[in-house]
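Presented below is the structure to which this report refers.
Numbering (the working numbering), first residue to last: 2 to 213.
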């Protein structure tokens, strides 16, 4: 694997190697990467940005002081080539760059899974909000309908009470008018009797004067 952080394309040897082939362990420019994909043997190769690579030589084995270039799949730790025949003898290994790609793939898988879960959770919340809004609207509609019905009943009751009061007042008024009419008749009869008495008294006086 190339050692420097800034690399030249290992195919054309002129452009900057901005992409790294994890299978070939070589740097490619953008054009050479496309050509690499078009070849039958390398069309399934995996690439990643050169800036995402972890530079070699930054970590060394504490026991052998060699670069950690392999991943022990059995122990899940980075090892050097001497560790393969040492205490990690018989274990399975993968290239450091391949392990990084695998971890990145696993992380992307977990992230995508979490993203799907979050989206589903969001949809569930949105559906719950829609259900809640519909429930609130239903309650408001029920309250409005009941209030309208109660108002109609109250208005009807008030109208019936007003009609009853008017009817009773008309009856009472008619009774009072009848009583007043009867009182006036009695008064007229009394006046007539008083007038007749006065005429009789006058006739008596006239007879008395004549007899004298």
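Backbone N, C-alpha and C fix where the C-beta goes; we use that ideal spot for every residue, glycine too.
This structure is a prediction, so every number in the text was calculated from the model and none was measured.
> Taking the C-alpha atoms as reference points, what is the distance between residue 78 and residue 132?
Replying inline: Each residue's alpha carbon lies about 51 angstroms from the other.
Restricting to runs no shorter than 3 residues, where is the beta strand (DSSP E) found entirely within the stretch 86-131? 94-96, all fully within the stretch 86-131.
Can you tell me the Cβ-Cβ gap for residue 17 and residue 10, rounded? I've got them flagged as a contact below 8 angstroms. Separation of the CB atoms of residue 17 and residue 10 is rounded to 7 angstroms, and the pair is thereby assigned contact status at 8 angstroms.
Worksheet item: Measuring from the CB of residue 72, is there a heavy atom of the ligand MN at a distance below 6 angstroms?
Response: As presented, the structure is devoid of all ligands, the ligand MN included, so that no description of it is given.
- Can you round the beta-carbon distance between residue 92 and residue 76 to whole angstroms, since I take them to be within the 8 angstroms contact cut? With 8 angstroms as the limit, residue 92 and residue 76 qualify as a contact, their Cβ atoms being about 7 angstroms apart.
Run through DSSP, which three-state label would residue 57 get? Reliability fails at residue 57, whose pLDDT of 49 lies under 50, so the model's placement of it is uncertain and the value that follows must be treated cautiously. The answer is coil: DSSP assigns residue 57 none of H, G, I, E or B.
Item to complete: Could you check which residue in 96, 164 and 170 has the C-alpha nearest to that of residue 214?
Response: An answer regarding residue 214 cannot be provided, because it is not within the stretch 2 to 213 covered by the chain.
DSSP beta-bridge partners of residue 17:
Per the DSSP secondary-structure output, residue 17 pairs in a beta bridge with 9.
What do you get for residue 121, buried or exposed, if any count of 16 or more other CB atoms within 10 angstroms of its CB means buried?
-> With fewer than 16 Cβ atoms within 10 Å of its Cβ, residue 121 is classed as exposed.
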